[in-house]
Amino acid sequence: MHALTAALHADRRARKKEKTHRLWNKSYFPNLFPCWFGTGAMIMLTTNIAFVSFADGSHAILPTVVMATISQARMFVNSRIIYYDTSMPSNYEKSNAIFEINFPVSRRAQKIVEKLLHSNTVLFRQKFGDALLDELADCAKIDIVQLKISPAKQYHKKRGGRTVFKRYGYYRPASKYIYITNFTAVQGKPLAPKTFLTTLLHEWMHHYDYCKLKLNSIHTKGFYMRLTSLQETLLS
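Per numbering that gives the first Met the number 0, the very first residue in the sequence shown carries number 0; after that it's consecutive.
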């Protein structure tokens with residue numbers, strides 16, 4: 000506790016001086032490590048950047064201050080403490096070991112994707128998005144998900160005149176709900192067709208992880224390989 004208190008004081012002093020985060024203890028920490036907020040958010044850590052997936056499905060990229068040992072990690076992100084959960088590696092390893100989707104994709108799903116790629120309005124993306132996710136749920140034999148395509152711009156944050164965070168959408172596992180904004184953060188243009196499709200499939204892959212694979216869906220290499228597997232199959 001003394002070391003933790005000292006680190007907190009050091010953190011406050013550093014923020015006053017530089018208003019930035021630093022890596023305080025480099026004793027041992029892998030380049031990429033799964034951790035959890037007490038509120039259920041998950042974090043993938045590099046030496047100075049945290050890739051955060053919140054429980055509601057939204058994402059953020061934040062600077063980090065880290066105290067770490069082999070057995071435990073405490074991270075300070077926006078003044079919140081994150082504790083490393085030693086039970087997580089099994090979930091992480093399981094997710095990372097599954098490279099492909101394990102269900103056949105129907106020709107109907109592929110045809111819906113073709114229509115989706117030729118649409119850019121909220122109305123048609125809602126229509127074809129609903130149809131695609133319902134068809135994928137039938138193919139995978141899992142519950143359907145509720146989809147909302149919003150006419151709003153992407154939620155974003157700026158720092159020093161630069162956009163430092165954009166949220167394309169999110170998935171809420173408790174309510175099986177996917178939310179995606181149709182317009183870009185700054186210019187307010189419709190998302191490019193392939194960007195929209197990737198975002199839609201990305202959020203649905205979280206749903207697939209929860210419902211089919213029984214995983215706490217996190218952004219592992221395996222997650223992105225499953226996403227690529229699904230997208231390539233739909234576009235083939």
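Even for Gly, the Cβ is constructed at its ideal location relative to N, Cα and C.
In this text the structure is predicted, and so the values were computed from the model without any measurement.
**OP:** Would you kindly work out how many angstroms separate the C-alpha atoms of S89 and P172, rounded to a whole number?
**Re:** Here residue 89 is taken as the residue at index 90 of the sequence shown, counted from 1. Here residue 172 is taken as the residue at index 173 of the sequence shown, counted from 1. Straight through space, the alpha carbons of P172 and S89 are spaced by roughly 20 Å.
**OP:** Determine, using beta-carbon pairs with one atom in the region 167-181 and one in the region 201-208, whether at least three such pairs fall under 8 Å.
**Re:** The region 167-181 is in contact with the region 201-208.
Original post:
Excluding five sequence neighbours on each side, which residues of the same chain lie with their C-beta closer than 8 Å to the C-beta of E134?
Top reply: Looking up residue 134 in the sequence shown gives position 135. Cβ within range, chain order: S105, R107, A108 and I111.
**OP:** Please report how far the alpha carbon of V185 lies from the alpha carbon of K114, in whole angstroms.
**Re:** The residue labelled residue 185 in the question sits at position 186 within the sequence shown. The residue labelled residue 114 in the question sits at position 115 within the sequence shown. For V185 and K114, the distance between alpha carbons rounds to 27 Å.
Subject >> First and last residue of the uninterrupted alpha helix (DSSP H) at S149 >> reply: The sequence position of residue 149 within the sequence shown is 150, counting from 1. S149 -> not in any alpha helix (DSSP H); beta strand (DSSP E) instead, spanning Q145 to K152.
Original post:
DSSP on T183, reduced to helix/strand/coil?
Top reply: Taking the first residue of the sequence shown as 1, we reach residue 183 at position 184. Residue state, collapsed to three classes: coil.
Original post:
What residue from T180, D137, G160 and S94 has the CA that sits closest to Q125's CA?
Top reply: The residue given as residue 125 occupies position 126 in the sequence shown. Nearest option by C-alpha distance: T180.
**OP:** Take every Cβ of the region 191-203, pair it with every Cβ of the region 224-235, and state whether three or more of those distances are shorter than 8 Å.
**Re:** Yes: at least three Cβ pairs fall under 8 Å.
Subject >> Local Cβ density within 10 Å of Q145, reported as buried at 16 or more and exposed below that >> reply: As a position in the sequence shown, residue 145 is number 146, starting the count at 1. Under this definition Q145 is an exposed residue.
Original post:
Per DSSP, G168 is paired with what?
Top reply: The count along the sequence shown starts at 1 and reaches residue 168 at position 169. DSSP lists I179 as partners of G168.
Original post:
Count the other CB atoms within 10 Å of the CB of S235; is the residue buried (16 or more) or exposed (fewer)?
Top reply: The residue given as residue 235 occupies position 236 in the sequence shown. So S235 ends up on the exposed side.
Subject >> Short Cβ contact (8 Å threshold) for N101 with G221 >> reply: The residue you call residue 101 lines up with position 102 of the sequence shown. The residue you call residue 221 lines up with position 222 of the sequence shown. No, Cβ-Cβ distance for N101 and G221 is not below 8 Å.
Subject >> Local conformation of K220 per DSSP, three classes >> reply: Working through the sequence shown from its first residue, we reach residue 220 at position 221. For K220, the secondary structure class from DSSP, reduced to helix, strand or coil, is helix.
Subject >> Endpoints, the alpha helix (DSSP H) within which H206 is located >> reply: Start at 1 with the first residue of the sequence shown, and residue 206 comes out as number 207. Taken as a continuous stretch (DSSP letters only), the alpha helix (DSSP H) holding H206 covers P192 to C210.
**OP:** Can you tell me which of the three DSSP states K140 falls into?
**Re:** Within the sequence shown, the letter at position 141 stands for residue 140. Three-state result, K140: coil.
Original post:
Around the C-beta of R225, are 16 or more other C-beta atoms found within 10 angstroms, so that it is buried, or is it exposed?
Top reply: As a first step, residue 225 must be located in the sequence shown, where it is residue number 226. Around the beta carbon of R225, a 10 Å sphere encloses 16 or more other beta carbons of the protein chains shown; the residue is thus reported as buried.
**OP:** Answer with buried or exposed for G168, where buried requires no fewer than 16 other C-beta atoms within 10 angstroms of its C-beta.
**Re:** Along the sequence shown, one-based indexing puts residue 168 at 169. With a 10 Å radius around the Cβ and a threshold of 16 neighbouring Cβ atoms, G168 comes out buried.
Subject >> Residue from K152, R161, K156 and G187 with nearest C-alpha to Y178 >> reply: Residue mapping note: residue 178 aligns to position 179 of the sequence shown, counting from 1. Out of K152, R161, K156 and G187, K152 has the C-alpha closest to the C-alpha of Y178.
Original post:
So what's S228 in DSSP terms, helix, strand or just coil?
Top reply: By one-based count along the sequence shown, residue 228 stands at place 229. In the three-state scheme derived from DSSP, where H, G and I count as helix and E and B as strand, S228 is classed as helix.
Original post:
Thinking C-alpha only, which one of I148, L131 and L132 is nearest L122?
Top reply: Taking the first residue of the sequence shown as position 1, residue 122 is located at position 123. It is I148.
Subject >> Start-to-end residues for the alpha helix (DSSP H) that takes in I97 >> reply: On the sequence shown, residue 97 is found 98 positions in, with the first residue counted as 1. No alpha helix (DSSP H) holds I97; DSSP gives it neither H nor E.
Subject >> Exposed unless 16 or more other CB atoms sit within 10 angstroms - verdict on F195 >> reply: Mapped onto the sequence shown, residue 195 falls at position 196. F195 should be labelled buried.
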